[in-house]
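Peer 1:
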Amino acid sequence: HIGHGAVLHGCVVRRNAMVGMNAVVMDEAVVGESAIVAACAFVKAGVEIPPRTLAIGTPAKVLRTLTDEEVAWKISGTRSYQDLTIRSLQTLKEVEPLREVEADRKRIDIAAEGVVPLITLKQN
Numbered sequence: 047h048i049g050h051g052a053v054l055h056g057c058v059v060r061r062n063a064m065v066g067m068n069a070v071v072m073d074e075a076v077v078g079e080s081a082i083v084a085a086c087a088f089v090k091a092g093v094e095i096p097p098r099t100l101a102i103g104t105p106a107k108v109l110r111t112l113t114d115e116e117v118a119w120k121i122s123g124t125r126s127y128q129d130l131t132i133r134s135l136q137t138l139k140e141v142e143p144l145r146e147v148e149a150d151r152k153r154i155d156i157a158a159e160g161v162v163p164l165i166t167l168k169q170n
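Numbering-wise, our numbering comes out as the position in the sequence shown, counting from 1, plus 46.
1) By how many angstroms is the C-alpha of S134 removed from the C-alpha of D114?
2) Between I95 and the rest of its own chain, which residues show a CB-CB distance below 6 Å, the 5 nearest in sequence each way excluded?
3) Quick check on R98: does DSSP put it in helix, strand or coil?
4) Using only alpha-carbon positions, find the residue among A149, H55 and T137 that is nearest to A91.
5) Can you tell me whether K120 is helix, strand or coil according to DSSP?
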């Protein structure tokens with residue numbers, strides 16, 4: 047799962063890993079399986095982020111091991127993005143730009159689909 051604006055330069059990102067928004071992972075770095083690189087982190091060239099760990103900062107350093115709950119949350123979030131692409135491709139159609147907001151326009155309610163921010167999940 048690669049976040050918006052992330053830069054991957056000659057690196058390896060293993061299965062179920064996540065690189066957060068605007069993070070940078072440099073040459074020959076390896077992000078281990080089910081690891082998370084935090085948003086805006088900078089992983090230096092040649093650094094290995096171990097599996098199931100959280101790496102943060104500039105330069106990125108491993109903060110801690112991820113819990114089973116956090117890994118499950120990440121996998122669920124990736125699945126939601128995958129489902130969104132399938133649904134989008136199935137319903138894609140050419141449209142004209144709106145001239146004004148439609149009052150009854152259908153919206154996607156991510157909370158109804160069970161997608162919640164990790165901070166919310168941890169508060170419950």
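Even glycine gets a Cβ: it sits at the ideal position worked out from N, Cα and C.
If you're wondering where the values come from, they're calculated on a predicted model, not measured in any experiment.
Peer 2: Result, derived from the coordinates:
1) Straight-line Cα distance between these residues: approximately 30 Å.
2) Within the same chain, V77, G78, A81 and A101 come within 6 Å of I95 by CB-CB distance, once the 5 residues on both sides are set aside.
3) In the three-state reduction of the DSSP assignment, R98 falls in the coil class.
4) Checked all of A149, H55 and T137; the closest Cα to A91 is H55.
5) DSSP places K120 in helix when its eight states are reduced to three.
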